[in-house]
Amino acid sequence: MTTETADASARRPDPRRARTRNALIGAARRLLADGRPAVSVQEITDEAGVGFGSFYNHFDTKEELFAEAVASVLDDWGDLRDQVVRGIDDPAEVFAVSFRMVGRLQRHLPELVRVILHQGMSVLLTDRGLRPRALADLRRGIDAGRFTVPDVEMALMMSGGALLGLIQLLDADPDRDDARASDDYARHVLLQLGVEREDADRIVALPLPTITLPV
């Protein structure tokens, strides 16, 4: 084997290593969704179906794994949001469509939702997933005069808190109409952001796009 071939082989991703890492992250996501972060490394590897020793080939601590699990959930939410708002120009419509779809997804992606719920308001402070996108949307809305809230961080915490409240409500009440609740929440948040009532009613009545859910 030449030196060039050996270097190429070393750089090539190892699918077995990737599968193990993904299994550990998936296990951590399930444990977080169940509200069980206080588990041992052995319990994590048992849940992942991998050997105990393999854990430390990927993560130094449980805390590092759980942080990556939360970040991966936020990345998934961010990717879904990007699908939802593609092609929409009005920042108020972008915001409302994203908000309405997240509420509806609670019924279809309960694991992802519960990970976020167990993290609480701290998910609005991380720079992965929804926060950077929401900040950009809200800033565009303020700059365009669509929103009257003077501070983008205030707007984020106000709307993000309402979103967490919505998905908590839907998680606690499985019989509640998720579409109606999501639209009602979106309407009231638009009003808080400074959108006129007639315009807010129009925006939340717009049809929603079809998206591909992660497996």
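FYI, in my numbering the residues of the sequence shown are 1 to 215. Cβ coordinates follow ideal geometry from the N, Cα and C atoms, glycine included.
Taking the CB atoms as reference points, tell me whether L74 and I44 lie closer together than 8 Å. Not a contact, by the Cβ cut-off of 8 Å.
Rounded straight-line distance, which links the Cα of R114 to that of D34: Computed Cα separation, rounded: 8 Å.
Distance between S98 and G87 (C-alpha atoms, nearest Å): Approximately 13 Å between the Cα atoms of the pair.
Alpha carbon of D175 to alpha carbon of N57, nearest angstrom: About 44 Å.
Within its chain, find whatever has a CB closer than 6 Å to the CB of A6; leave out the 5 residues flanking it on each side and keep chain order. Note that A6 scores 47 on pLDDT, short of 50, meaning its location in the model is unreliable; the coordinates nonetheless yield the value given after this. Nothing listed; no residue qualifies.
Using the three-state DSSP reduction, which class does G53 fall into: helix, strand or coil? In the structure shown, G53 sits in a helix (DSSP, three-state: H, G or I).
Between the beta-carbon of D89 and the beta-carbon of L112, is there less than 8 Å? It is not a contact, given that the beta carbons lie outside the stated cut-off.
Using only alpha-carbon positions, find the residue among H188, D79 and A69 that is nearest to A200. That would be H188, whose Cα lies nearest to the Cα of A200.
Cα-Cα separation, A48 to S40: Going from the Cα of A48 to the Cα of S40 covers about 12 Å.
Can you look up D184 in the DSSP assignment and give me helix, strand or coil? Here D184 sits in helix by DSSP.
Separation of R133 from G78, as counted between CA atoms: When rounded, the distance between both Cα atoms is 7 Å.
I need the straight-line Cα distance from R21 to R197, nearest angstrom please. Rounded to the nearest angstrom, the two C-alpha atoms are 48 Å apart.
Is the Cβ-Cβ distance between G102 and L163 less than 8 Å? As written in the sequence, residue 102 is Val, which differs from the Gly given in the question. Remark: C-beta atoms of V102 and L163 approach each other more closely than 8 Å.
Apply the 10 Å Cβ neighbour rule to G217 and answer buried if 16 or more other Cβ atoms are within range, or exposed otherwise. The requested residue 217 does not occur in the structure, where the chain is confined to residues 1 to 215.
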